[in-house]
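Notes follow once the structure below has been shown.
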Amino acid sequence: MNSVVDLNQLKALKGKYCNSLNSYSRFVTREVKIGDIAMGAHHPIRIQSMTTTDTMDTIATVEQTIRMVEAGCEYVRITAPSMKEAQNLAEIKKELRNRGYNVPLIADIHFTPNAAELAARIIEKVRVNPGNYIDKKKFQQIDYTDSEYMQEVERIQKRFSPLVKICKEYGTAMRIGTNHGSLSDRIMSRYGDTPMGMVESAMEFMRICADLDYHNLVISMKASNPKVMVQAYRMLVEKMVTEGMNYPLHLGVTEAGDGEDGRIKSAVGIGTLLEDGLGDTIRVSLTEEPEFEAPVAAALAKRYELRAKQYELIKPETDNLQPEIILPATFDPYSYKRRKTHSVENIGDHNVPRVIIDLSNQNLKDPFILSAIGYNYSATLDKYNMNEQTADFAYLGDALPSFSFPGNLKQIYNYSAWKSLSDKQNAHPIFSVEEYLNADQRDATLNFIETDIKVFFESSDEVYNGFVNALKSDKSIVLILITDNIHGMAEQRQFIFDLLNQQLEVPIIIKRSYSTITEDDFMLDASTDIGALLTDGLVDGLWLQADEISSKIINSVAFGILQATRTRISKTEYISCPSCGRTLFDLQETTQLIRSRTDHLKGIKIGIMGCIVNGPGEMADADYGYVGTGPGVITLYKEKEVVKRNVPAEKAVDELINLIKEHGDWVEPLL
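Numbering follows the UniProt record's numbering, with no gaps: position 569 of the sequence shown is 569.
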């Protein structure tokens with residue numbers, strides 16, 4: 001296995017964040033040994049999670065660890081907030097070994113270097129957070145001179161070096177785990193609340209390790225915002241390459257939440273990086289029992305293990321991507337900027353991304369079918385009531401409905417069916433490229449053209465040139481890109497890059513179709529495939545198809561992806577930590593209670609944190625915060641400012657709602 005820097009890879013990577021933008025290629029890292037299970041290099045993507053039990057309850061922690069291992073965890077992390085918990089890791093490890101479980105254990109350390117130094121002598125890996133391991137966070141803006149700043153770095157080196165030396169002596173691995181919300185005051189003062197600040201926070205610790213010739217490192221850049229998380233990991237890889245490093249990456253979206261929202265947000269962030277070959281271990285952070293996290297992480301990882309095998313087998317015959325991508329000058333992988341397009345009706349330009357749902361196989365004699373996509377029909381009043389997740393377009397193919405559609409829901413018909421319509425109001429055609437070029441009739445305002453990228457590039461010069469000329473001259477066109485490439489996201493991205501390089505500002509809808517797929521896999525795969533392009537601001541809408549999945553689920557997943565990428569907000573967002581041994585209240589129960597009272601507040605972000613470690617900093621950009629600060633007491637925040645301390649837990653949800661009302665963000669729920 002490769003245990004040193006791959007110089008050829010580093011030379012090729014310099015100035016980029018992944019091996020290839022147009023073909024699947026995993027970034028090969030050093031091998032890091034964690035107990036008997038190595039990570040990185042050519043090893044499979046590893047699965048891990050974190051216990052939620054009290055670390056001092058040995059049996060409960062052991063039994064939960066066993067459930068996690070049986071659910072697929074290859075590493076198990078346990079919080080050690082003080083010396084007594086660090087010491088008890090020995091008892092936990094002993095009991096696990098007595099029961100026949102040799103799973104590597106990871107100690108999670110935040111504010112206590114002495115606990116990390118003790119744990120490093122006991123278990124296989126320690127995690128330290130550079131934002132609070134030595135630096136302090138008091139939300140103070142301090143202006144450092146260069147000399148003062150370097151003095152602080154030297155102080156860190158002096159305090160951190162003993163842990164590094166212990167890890168070297170005992171063969172213990174280490175994760176340097178930066179969190180977006182817990183950057184120190186020093187880093188914040190110089191770099192701000194940015195991906196660059198996250199990267200530099202970790203690099204300071206990584207350089208100390210390199211100086212001491214310690215390389216058994218894993219690195220993470222976690223955030224609750226998938227855009228920030230993706231940008232930070234990309235920047236980290238480029239920075240590592242520049243400094244001759246290639247440590248394994250631990251991927252995760254922190255405080256992702258629970259249920260469908262948590263899974264979609266995790267898949268958007270983690271999947272976007274996996275698509276570009278980045279990532280060596282995954283932790284999916286859900287506000288659920290930890291054994292429910294591992295199957296989600298395993299499903300994400302399995303897709304890329306299969307992809308690597310498939311890609312090697314069939315790439316020569318089916319890889320239609322060009323050998324090199326010319327990166328557009330307007331594209332920056334380290335910050336979000338939406339691709340410039342012109343507006344075609346309500347698509348493109350400043351409009352939120354649009355959602356298309358296929359209803360062509362539905363019973364188009366029954367208006368109640370539209371309730372699945374957000375339009376609830378009242379037969380008594382003969383009108384539609386809309387919720388916050390209403391699809392924008394319904395594809396009907398050749399089928400004609402026998403009832404009137406709501407005015408907000410536009411219809412898309414195959415070209416031949418559209419031509420025959422006597423009333424074309426709110427109805428638009430969809431063409432193939434050749435149909436469009438040969439059409440004797442087109443819509444005056446909006447024409448969809450669907451093209452398979454592979455087929456398009458294999459078309460004749462006449463068709464290709466005619467199509468490009470049409471994109472330049474006809475401002476009514478919206479492109480719908482489809483693909484059956486196993487690395488379809490990259491293929492679609494390359495097509496968009498080509499448009500950017502030609503300064504073609506046509507709006508783009510990404511269409512992905514899935515067959516023989518479960519609801520869970522559909523949610524994860526679609527979130528990865530579409531989320532990766534939305535995260536970079538490259539597309540103007542999405543169209544998901546899955547024959548075995550209901551239109552209600554498809555619509556919900558589509559809006560969930562838009563919410564997770566923060567490109568279209570349609571519901572309340574909950575930034576909820578996944579619980580651990582530090583948690584001071586029942587996170588799952590409390591999250592559900594807060595959700596039941598506030599989930600009608602469109603666009604509000606509420607942070608729900610189990611302890612002060614995952615408190616005001618970890619909530620990052622939440623509008624309101626609910627943080628456990630002691631047994632039975634809660635502290636409430638408006639953004640990062642404390643508003644009310646020591647609120648009794650039984651009154652805290654009511655006080656949170658009062659706080660939202662006081663700041664004018666409350667609306668009464670519809671009955």
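Ideal Cβ positions, reconstructed from N, Cα and C, are used throughout, including at glycine.
Within 10 angstroms of the Cβ of Gly-615, are there 16 or more other Cβ atoms? Answer buried if so, exposed if not. Here Gly-615 scores only 48 on pLDDT, less than 50, and its place in the model should not be relied on; the value that follows carries that caveat. Counting Cβ neighbours within 10 Å, Gly-615 comes out buried, since at least 16 surround it.
Anyone know if the C-beta pair for Leu-534 and Leu-300 falls short of 8 Å? no
What distance in whole Å lies between the Cβ atoms of Ile-530 and Ile-510, which are believed to be in contact at a cut-off of 8 Å? 6 Å
Are Met-198 and Leu-183 closer than 8 Å when you measure CB to CB? yes
From this set, Leu-500, Lys-239, Met-235 and Ile-134, which residue's C-alpha is nearest His-342's C-alpha? Leu-500
Residues sharing a beta bridge with Lys-125, DSSP: Ile-106 and Ala-173
On the DSSP bridge list, what partners appear for Lys-33? Ala-38
Which residues in the same chain have their Cβ closer than 6 Å to the Cβ of Gln-322, if we skip the five residues on either side of it in sequence? Interpretation of Gln-322 is limited by its pLDDT of 48, a score under 50 that renders its predicted location unreliable; the figure taken from the coordinates is listed afterwards. Closer than 6 Å at the Cβ level, and outside the excluded window around Gln-322, lies no residue.
Pro-669 in three-state terms, based on DSSP: coil
Return the Cβ separation of His-428 and Leu-409 in integer angstroms, given the expectation that the two are a contact with Cβ distance under 8 Å. No, His-428 and Leu-409 are not in contact; Cβ-Cβ is about 12 Å, not under 8 Å.
Helix, strand or coil for His-180 per DSSP? helix
Strictly by DSSP, which residues pair up with Pro-648? Val-633
Tell me the start and end of each unbroken beta strand (DSSP E) in the segment 348–386 that is at least 3 residues and wholly inside, in chain order. 354–358, 375–378 and 383–386
Cβ shell of Glu-317 (< 8 Å), same chain only, five flanking positions each side left out: Note that Glu-317 scores 44 on pLDDT, short of 50, meaning its location in the model is unreliable and no value can be drawn from it.
Okay, do the segment 144–156 and the segment 106–125 touch, 3+ Cβ pairs below 8 Å being the bar? no
Please classify Val-667 as buried or exposed, where buried requires at least 16 neighbouring CB atoms within 10 angstroms. exposed
Does the distance from the C-beta atom of Leu-481 to that of Phe-467 stay below 8 Å? no
Hey, could you find the ends of the alpha helix (DSSP H) Asp-525 is sitting in? 519–535
Which stretch, first to last residue, makes up the beta strand (DSSP E) that contains Gly-511? According to the sequence provided, residue 511 is Lys. The question's Gly does not apply to it. First-last of the beta strand (DSSP E) with Lys-511: 508–514.
Can you check which of these residues, Thr-528, Leu-538 and Glu-458, is closest to Pro-507 by C-alpha distance? Leu-538
Taking C-alpha atoms, which residue in Arg-595, Ile-59, Thr-51 and Asp-276 lies nearest to Arg-307? Asp-276
Have a look at Thr-591 and Ile-78 and give me their C-alpha separation to the nearest angstrom. 22 Å
In its own chain, which residues sit with a C-beta less than 7 Å from the C-beta of Thr-53, not counting the 5 before and 5 after it? Ala-60, Thr-61, Gln-64 and Gly-581
Could you tell me the boundaries of the alpha helix (DSSP H) in which Leu-538 lies? Neither: Leu-538 is in no alpha helix (DSSP H) and is coded neither H nor E.
The segment 241–258 / the segment 205–222 touching (three or more Cβ pairs under 8 Å): yes
Rounded C-alpha distance that separates Asp-623 from Lys-605: 5 Å
Please identify the residue among Gly-625, Glu-639, Asn-646 and Asp-358 whose C-alpha is closest to the C-alpha of Pro-631. Asn-646
Within a Cβ cutoff of 8 Å, which residues of the same chain sit near Tyr-170, ignoring the five residues on either side of it in sequence? Ala-120 and Arg-121
Taking 6 Å as the limit between beta carbons, can you name the residues of its chain near Ala-294, skipping five residues before and five after? Ile-47, Ser-49, Ala-71, Gly-72 and Cys-73
In angstroms, rounded to a whole number, what distance separates the CA positions of Gly-262 and Val-284? 9 Å
Local conformation of Lys-227 per DSSP, three classes: helix
Would you give the residue range spanned by the beta strand (DSSP E) that Val-268 belongs to? It is not in any beta strand (DSSP E) - Val-268 instead sits in the alpha helix (DSSP H) that spans 259–275.
Using beta-carbon positions only, say whether Ile-357 and Ser-551 come within less than 8 Å of one another. yes
Start and end residues, beta strand (DSSP E) containing Phe-431: 427–431
Under a Cβ-count criterion, where at least 16 other Cβ atoms within 10 Å of its own Cβ denotes burial, should Thr-29 be classed as buried or exposed? buried
Which of the three DSSP states is assigned to Leu-89 in this structure? helix
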